[in-house]
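Residue numbers (the working numbering): 1145 to 1322. One structure is given below, encoded as structure tokens.
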């Protein structure tokens, strides 16, 4: 196992810890959970950097890294749907896109086509992480309510999710037609 793949696996292992912490209503746990979620999300950059820098890019890593990201975001999003009132339809669109793109990547990989993360997909992930960070925190900071901030960021993530999902399908179709 390579170090970058190990970092991706650590991200997956952190998911149940984050989910458990989410259900503690005390403010201190909201802060701990939000920053743990942010830290774990940022390890995505670390594993990619390590893989490229140390020439440890693997087919497994190209699949495992985005899968770990999706699991982290999707499980947190589903938990927050219950805890913070995120509309079901938003969750279904985001989760549906993640399932569709992951499935598409699997099909592409079986045909030895690699669909690497796109810039739009990276922006989507950035907005998802920021949205979930603020939604985990909930409450207020300096009288600014964080829930509307989180929901606004989630709307942007939703739009980017749809656009980047379409983009992945276009890239795949282009690669099999050419």
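Backbone N, C-alpha and C fix where the C-beta goes; we use that ideal spot for every residue, glycine too. It should be emphasised that the depicted structure is a prediction, and the values quoted were computed from it without experimental measurement.
4-residue-minimum alpha helix (DSSP H) runs that sit fully inside the region 1146-1187, ordered along the chain: Counting only runs of 4 or more, we get 1147-1166.
Buried or exposed: where does residue 1260 fall if 16 or more other Cβ atoms within 10 Å of its Cβ makes it buried? Under this definition residue 1260 is an exposed residue.
What's the call for residue 1277, buried or exposed, on a 16-neighbour Cβ count within 10 Å? That one is buried.
Below 8 angstroms on the Cβ atoms is my guess for residue 1219 versus residue 1304; work out the distance and round it to an integer in Å. Actually they are not in contact, since the Cβ atoms of residue 1219 and residue 1304 sit about 20 angstroms apart, beyond 8 angstroms.
Have a look at 1319, 1147 and 1183 and flag the residue whose alpha-carbon is nearest the alpha-carbon of residue 1324. Residue 1324 lies beyond the stretch modelled for the chain, which goes from 1145 to 1322, so this question has no answer here.
Let's test the definition: count the other Cβ atoms within 10 Å of the Cβ of residue 1230 and tell me whether it reaches 16, buried, or not, exposed. Buried, by the Cβ-count rule.
Pairing CB atoms from the region 1177-1190 with CB atoms from the region 1265-1284, are three or more of them under 8 angstroms? Yes: at least three Cβ pairs fall under 8 angstroms.
Contact under 8 angstroms by Cβ, residue 1312 with residue 1245: Result yes, Cβ atoms of residue 1312 and residue 1245 sit closer than 8 angstroms.
Among residues of its own chain, excluding the 5 on either side of residue 1241, which ones have a beta-carbon nearer than 7 angstroms to its beta-carbon? These residues qualify, in order along the chain: 1305, 1306 and 1309.
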